[in-house]
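Here this note's numbering runs 65 ahead of the position in the sequence shown, where the first position is 1.
Don't be surprised by glycine CBs; every beta carbon is placed ideally from N, CA and C.
Okay, so here's the structure we're looking at.
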Amino acid sequence: MTLPDTYVAGFHDEAAVRKMRYNVLGNTGLRVSHLAFGAGPLGGRSTYGEYDEAEAIAAVHEALKQGINYIDTAPWYGQGRSEELLGKALKDVPRNAYYIATKVARYEVDPRKMFDFSRGKTLESVDHSLKLLGLDYVDIIQVHDIEFAPDVDIVVDETLPALQSVVAAGKARYIGVTGYPVSVLKKAIERSNTKVDTVLSYTRDTLIDDTLKKYLPFFQSKGLGIIHAAGVSMGLLSNGGPMPWHPAPDNLKKVCAAAGQYCKERGVELARLALHYTMGQPGIATHLVGMNSREILNSNLDILNNGLSDLEKTVLQEINTQFFDKIKPAHWEDIEINNLKEKLKALNE
Numbered sequence: 066m067t068l069p070d071t072y073v074a075g076f077h078d079e080a081a082v083r084k085m086r087y088n089v090l091g092n093t094g095l096r097v098s099h100l101a102f103g104a105g106p107l108g109g110r111s112t113y114g115e116y117d118e119a120e121a122i123a124a125v126h127e128a129l130k131q132g133i134n135y136i137d138t139a140p141w142y143g144q145g146r147s148e149e150l151l152g153k154a155l156k157d158v159p160r161n162a163y164y165i166a167t168k169v170a171r172y173e174v175d176p177r178k179m180f181d182f183s184r185g186k187t188l189e190s191v192d193h194s195l196k197l198l199g200l201d202y203v204d205i206i207q208v209h210d211i212e213f214a215p216d217v218d219i220v221v222d223e224t225l226p227a228l229q230s231v232v233a234a235g236k237a238r239y240i241g242v243t244g245y246p247v248s249v250l251k252k253a254i255e256r257s258n259t260k261v262d263t264v265l266s267y268t269r270d271t272l273i274d275d276t277l278k279k280y281l282p283f284f285q286s287k288g289l290g291i292i293h294a295a296g297v298s299m300g301l302l303s304n305g306g307p308m309p310w311h312p313a314p315d316n317l318k319k320v321c322a323a324a325g326q327y328c329k330e331r332g333v334e335l336a337r338l339a340l341h342y343t344m345g346q347p348g349i350a351t352h353l354v355g356m357n358s359r360e361i362l363n364s365n366l367d368i369l370n371n372g373l374s375d376l377e378k379t380v381l382q383e384i385n386t387q388f389f390d391k392i393k394p395a396h397w398e399d400i401e402i403n404n405l406k407e408k409l410k411a412l413n414e
């Protein structure tokens with residue numbers, strides 16, 4: 066295997082890098098690791114609970130040395146905390162040893178200040194992210210959760226052109242869009258006069274939802290690098306279940322909880338099965354998996370490198386037959402948007 070451009074002799078574990086699978090991220094030409102470091106959990110309390118910062122920094126270093134070369138973060142994750150922690154971790158790492166993506170447009174917990182797709186805020190946000198990260202540039206700058214824009218036109222006419230100027234200024238190399246409803250991502254890409262290089266959707270090619278599959282030919286025809294995140298559906302597909310904020314409807318949570326209980330009784334972790342499944346789906350360049358410890362990192366690497374045991378393979382077939390095949394595709398489109406609208410309405414009354 067040819068070593069990726071991100072390989073740095075003396076920093077990386079060469080044997081691990083040679084073992085890692087790399088895919089080309091669309092027309093960007095970047096060879097990215099099949100497993101990517103999702104830095105959402107580095108946001109702390111507001112997303113996935115507290116964590117040990119020293120351990121998280123060690124996890125970032127170890128992930129990179131093991132051949133993971135793509136990191137994804139955003140201002141929204143802990144309102145800058147994820148980016149700030151990455152800044153601490155990456156100051157000890159050669160800049161050419163990784164690719165990093167951050168985002169614009171989603172910011173504060175306060176519903177009135179949560180989203181801002183304007184040009185001015187976008188440019189300001191990029192500069193603030195670079196400062197927190199301690200970097201001169203990011204590889205990919207993405208519009209975060211575009212479905213929350215008042216209209217897709219503001220993303221196309223204002224946010225994306227602002228990001229084009231960010232690229233022209235040398236502060237980013239490529240532009241991406243992210244979101245939950247894949248149809249909205251397609252619409253933005255169809256309408257945009259700004260070149261979009263990557264598309265990121267989450268929880269849309271999993272054990273419970275394969276919606277992304279029908280959009281892959283379109284994205285591929287545009288030369289887009291396709292990124293998928295949250296293969297365990299933000300904790301929904303795990304024995305322990307999701308955090309209280311998870312937007313899935315109760316009936317879907319009940320099915321997933323029953324599947325988790327079934328796995329528990331069989332001595333298997335549902336999250337491992339879910340991650341193995343999603344990382345095996347074709348057409349996706351890299352899979353973002355949230356991590357904040359070496360234990361989680363090593364578990365994810367084990368699934369990628371070694372696959373499932375015979376028991377796990379059997380249980381995966383059983384849970385698909387007994388639980389998931391009956392409900393697929395299951396999703397929560399519009400629920401979060403409607404919840405936000407209700408909160409804003411209550412605040413304005």
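| Query | Result |
| --- | --- |
| For His311: DSSP bridge partner residues | His311 pairs with nothing; no bridge assigned. |
| Cβ pair count under 8 Å reaching 3, the stretch 214 to 230 against the stretch 183 to 193 | yes |
| Spatial distance of Gly143 from Leu107 (CA atoms) | 7 Å |
| Length of the line joining the Cα atoms of Asp222 and Gly288 | 21 Å |
| Closest residue to Leu302 among Ala104, Gly345, Ser286 and Lys319 (Cα-Cα distance) | Lys319 |
| Cβ-based neighbour list, Val249, same chain, cut-off 8 Å, excluding 5 preceding and 5 following | Ile211, Glu212 and Val217 |
| Three or more C-beta pairs below 8 Å linking the stretch 197 to 212 and the stretch 170 to 181 | yes |
| Endpoints, alpha helix (DSSP H) assigned at Gln382 | Asp375 to Ile384 |
| Exposed unless 16 or more other CB atoms sit within 10 angstroms - verdict on Ala233 | exposed |
| For Arg337, the nearest candidate out of Leu373, Lys84 and Asp262 (CA to CA) | Leu373 |
| Straight-line Cα distance separating Pro176 from Leu409 | 6 Å |
| Euclidean distance between Cα positions of Pro309 and Phe389 | 22 Å |
| Check whether Asp204 and Arg238 have beta carbons under 7 Å apart | yes |
| Cα-Cα separation between Ala322 and Asn316, rounded to whole angstroms | 10 Å |
| Gly325, buried or exposed, once every other Cβ within 10 Å from all chains shown has been counted against 16 | buried |
| Backbone CA spacing between Gly296 and Glu173 [nearest angstrom] | 25 Å |
| Cβ pair Leu335, Asn371 closer than 7 Å | no |
| Proximal residues to Leu129 (C-beta, below 7 Å), its chain only, five neighbours per side dropped | Val158, Ala162 and Tyr163 |
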